[in-house]
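If you use my numbering, the sequence shown corresponds to residues 438 to 525, in order.
Worksheet: one structure, shown below.
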Amino acid sequence: MKVWIDQDLCTGDGLCEEIAPDVFFGMDDGLFYVKETASNYGTEKLFDGTANPAGAEGLARFPDSSLESVIEAAEECPGECIFIDVGE
Ligand code: SF4
């Protein structure tokens with residue numbers, strides 16, 4: 438499964454990272470993004486701030502074990518801007 442954030446709607450409160458720190462993280466711009474972690478996939482897909490894929494282009498995989506927390510983050514997100522793609 439995959440998830441992405443629409444940063445245009447993100448309030449920067451950080452709730453998503455509090456709930457699922459393996460999947461969500463904040464950057465210097467005060468907004469939050471999704472990441473694929475080395476512990477999950479053996480490669481790290483952290484965005485470096487220079488070529489920072491946001492929105493749907495920032496789509497990141499997450500493991501089944503994170504599904505519950507990702508859903509909770511999406512439900513709690515005050516910007517309603519976390520989108521889960523269950524297609525793959
Ligand atoms: S919970 Fe939603 S609004 Fe809050 S920081 Fe995360 S993506 Fe942005």
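Backbone N, C-alpha and C define an ideal beta-carbon position, used for all residues, glycine too.
Beta-carbon gap between A497 and V471 smaller than 8 Å: Within the sequence shown, residue 497 is the residue found at index 60, counting from 1. Within the sequence shown, residue 471 is the residue found at index 34, counting from 1. Taking 8 Å as the cut-off, the Cβ atoms of A497 and V471 count as close.
Candidates L468, F520 and D450, of which the one nearest V507 by Cα: Looking up residue 507 in the sequence shown gives position 70. Of the candidates L468, F520 and D450, F520 places its Cα closest to the Cα of V507.
Do you know how far the Cα of L446 is from the Cα of E517? As a first step, residue 517 must be located in the sequence shown, where it is residue number 80. As a first step, residue 446 must be located in the sequence shown, where it is residue number 9. The alpha-carbon atoms of E517 and L446 are separated by roughly 7 Å.
Which residues share a DSSP beta bridge with G519? For the purposes of this step, residue 519 is taken as residue 82 along the sequence shown, with counting starting at 1. Here residue 519 is Ile; the residue named in the question, Gly, does not match the sequence. Answer is I442.
Return yes when the C-beta of G451 is under 7 Å from any heavy atom of the ligand SF4, and no when it is not. Here residue 451 refers to the residue found at position 14 of the sequence shown. Yes, the ligand SF4 has a heavy atom inside 7 Å of this Cβ.
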